[in-house]
Amino acid sequence: MMRQYELVEKVQSYDPDADETLLNRAYVYAMKAHGSQMRASGDPYFSHPLEVAAILTELKLDAATIAVALLHDVVEDTEATHQEIVDLFGAEIGALVDGLTKIKRLDLVTKEAAQAENLRKLLLAISKDIRVLLVKLADRLHNMRTLGAMRDDKRQRIAQETMDIYAPLAGRMGMQQLRDELEDLSFRVLNPEAHAAIMERLDRLHEESGDVLRQIEVALVERLAKSNIVAEVKGREKKPYSIWRKMEKKHLSLGQLSDIFGFRVVVREMDECYRALGIVHQTWRVVPGRFKDYISNPKQNDYRSIHTTVIGPHRMRVELQIRTQLMHEIAERGVAAHSVYKDAKAEEAAQGMRVEAAESNAYRWLRHLVEMLSEGDSPKEFLEHTKLELFHDQVFCFTPKGDLIALPKGATPIDFAYAVHTNVGDSCVGSRVNGRHAPLMTELENGDEVEIIRSKAQVPPSAWEGLAVTGKARAAIRRATRIATRKQYAGLGREILGRQLSKANLEASDKQLIAALPRLGFRNLDDALASIGRGELNGADFVKALGPDGADMPKPKRKSAAKPSTTLDEPLNGGRTIAVRGVNRDLPIRIAESTGAVPGDRIVGILTPGKGITIYPIFSRALQEFDDQPDCWIDLAWDTSDESLRYPARLAVKIHNEVGALAQVTQTIGEHGGNIDHLIMNTRARDFFDLDIVVEVHDLKHLNHIMNSLKLKPLVSTINRATG
Ligand code: MN
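Set out below in structure tokens:
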């Protein structure tokens, strides 16, 4: 295990200004926090963050990143809290550790490629600072190196995830070395036979070719030196996984694979790259179609080199990468190489810029890269080697248990609820976002923790459809409201059918009703009842279908003889015909007692299972209670063809407490053709009486005439329609 002073010295070797105190404090804090925890391998847990930090020192990262590496597991795995980290190490390190804690939670729930994809989306989404990614990659590398102690299924899963997510990501960040190692470690776990076969083949090639690598190196160096180019040439054989990938991609057998050897030619200046290329091409025959100039055309991840393949000494195909030292650094360490450029810092410091600005400037390039990644500028190259997609229009939220839910931007807790499960959505009545009650129309943000408050009695209001952005939520809301409406119609249908049966002096069990369904073309009783409720199926037809001429009809209902079917409780219009359009004639209809309603009033029907339809004038205050149940509302219009009909209107009249006042009111109503259906007198004040009158009139014009006449009476103080 690396010691504290060794770590500090290592960082200071490439960054003399490194904050030594910070490193020491982070080291001691993490060591204490992890205490006696053990890893699966039996090593003390602290060895893990320490090794992660060591990997990052290889990449020459700054002291803050090294400190974060030391602290990266403390919040998730020990008693330490986010607040404590912020208090002790500041907001910057706090935010970085927080980012890692969030990603770590993902590891626990990542099971399949689908979730692996989510993981990558989250990485992009929350990586405001690329250092989170760098630490995560180092973390994964160390976990892959020490995978041996894990259960096999867990190893497979972690290796697959590494192959799918972390290796491509490392590649995308330009960190070739890290990528190679991650791929190779994963390949060993995922395809041990192929790995072993390739290793065996490589061993045999070594025996056959002897020190051919060394010979080619020497030949190259000598040839370049003749032209005054000082070059460092390093031969290397490809890693088993990149050989495997090539075999797969080009459908080659191992024997057919010729360019297993590659050489790196590292020169000092850029123009030397092109001169070296010329010399190589003059000396050996070029393999056509293999030349690529990534210097004038850098790769997306800033990789720059010249690639060419020649038939070299011993007639071996030799792949060459020609680059400068700087290009080499970037090729190997990618974003990490950029992060330690001191010249930009120094330059800005010289210009008198703030130190923090200069500090973060080192990462401008990195942030730009993340931006490009998330904006999907030219993601083709990245996509080549991965099945991952690029998303920038998504938010990533967590359940209280830490499960990740990916949603489109603009999504609300309703979408979240349906994304968790349809049942959760259907029973959702409220939400808490990050522990606080939040309206269901709240737009969710990255990293929000969302808790859904549920109630079994809930039916999602159809108005929610407008609050949801996901197709899943919208479809589910439509479906749930359809079911609820159908239930209501079925309830109504049952009532209508009951009345029809009563009229025919019959009763029928559900069993008998179901038996009649095939004759009506229905399979399901609720469907048939709902159809009656909607007015599509005539209740009388159902009664007929119960049996031809009542042959197999249920027995006549005995008690119904004593109880006529007209006893339905309809206090304001009992027995009266209510002429309205827009509704099934079989429906039990009543006019709201609290207000009454007359032709000329704008009206709506409210459909209530078990009660039928109640007609309210639009001004009725009672309607407010149905505001959030738009499916109960039925558009109705008066049918005024029959002028002999009368309708009730409820009036609130205030009269002076004087002899003859009441007589004046009743007389006026009578004189103008109104029938008083109901009248109650209340005394509220000494000088006035309040009258509650229900008067039957033909229509609104008739009613207004009566009301105006009453207003003219000296003893009538005020007169108004009751609003319920
Ligand atoms: Mn870790």
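Everything in the sequence shown is counted per my numbering, starting at 127 for the first residue and increasing by one. Just so it is clear, CB atoms sit at the ideal spot from N, CA and C, and this is done for glycine as well. Since the model is a prediction, treat every value here as computed from it, not as a measurement.
Rounded to whole angstroms, E719 and E621 show a C-alpha spacing of 21 Å. The segment 721-732 makes contact with the segment 741-750, as at least three CB pairs between them are under 8 Å.
Along the segment 707-761, the beta strand (DSSP E) occurs as fully enclosed runs of 3 or more residues at 715-717, 729-734, 738-743 and 759-761, listed in sequence order.
Of the candidates Y742, D825 and F814, the residue whose Cα lies closest to the Cα of D768 is D825.
With contacts defined by Cβ atoms closer than 8 Å, A654 and F668 form a contacting pair.
Taking all protein chains shown into account, E358 has fewer than 16 neighbouring C-beta atoms within 10 Å of its C-beta and is therefore exposed.
DSSP, read as helix, strand or coil, puts A630 in coil. Taking C-alpha positions only, R277 is separated from G220 by approximately 33 Å. Looking at R459, E287, L350 and H828, the one whose alpha-carbon comes closest to that of K186 is R459.
In terms of Cβ geometry, A705 and R776 do not form a close pair [threshold 8 Å]. Each of N650, F389 and M164 was checked against the Cα of V344, and the nearest Cα belongs to F389. Here P366 carries a helix assignment [DSSP, helix/strand/coil].
In the three-state reduction of the DSSP assignment, A602 falls in the helix class. Here the alpha carbon of H321 sits roughly 29 Å from the alpha carbon of I432. In this structure, H160 has its beta carbon at no less than 7 Å from each heavy atom of the ligand MN. At least one heavy atom of the ligand MN sits closer than 7 Å to the Cβ of D199. According to the DSSP assignment, A666 belongs to the alpha helix (DSSP H) that extends over G665 to A671.
The residue among A206, A602, I802 and A179 with its C-alpha nearest the C-alpha of A190 is A179.
Rounded to the nearest angstrom, the gap between the Cα atoms of L196 and M164 is 16 Å. Proximity to H782 across R812, D753, T794 and Q793 peaks at R812, based on C-alpha coordinates.
In its chain, beyond the 5 residues on either side, V392 and R394 have a beta carbon closer than 7 Å to the beta carbon of Q451. When DSSP states are grouped into helix, strand and coil, E784 belongs to the coil group. Here the C-alpha atom of L339 lies approximately 8 Å from the C-alpha atom of F387. Between G551 and A543, the gap from beta carbon to beta carbon is short of 8 Å. Here T207 is exposed, its C-beta having fewer than 16 other C-beta atoms within 10 Å. Contact check for P774 against D803 passes: the beta carbons are separated by less than 8 Å. Around the beta carbon of V134, 16 or more other beta carbons lie within 10 angstroms, which makes this residue buried. DSSP places Q138 outside any beta strand (DSSP E); the residue lies instead in the alpha helix (DSSP H), whose first and last residues are Q130 to Y140. With a 10 Å radius around the Cβ and a threshold of 16 neighbouring Cβ atoms, Q209 comes out exposed. For the pair A193 and L148, the CB atoms are nearer than the 8 Å cut-off. If you ignore the 5 residues before and after S835, its C-beta comes within less than 6 Å of the C-beta of T794 and H798, all in its own chain and listed in chain order. At least one heavy atom of the ligand MN is found less than 7 Å from the C-beta of H174.
Checking the DSSP bridge columns, you'll see A848 has no partner listed. E348 and M373 have their C-alpha atoms roughly 33 Å apart.
For L328, the closest C-alpha among the options L304, N354, G300 and K365 is that of K365. For the pair V823 and I832, the CB atoms are nearer than the 8 Å cut-off.
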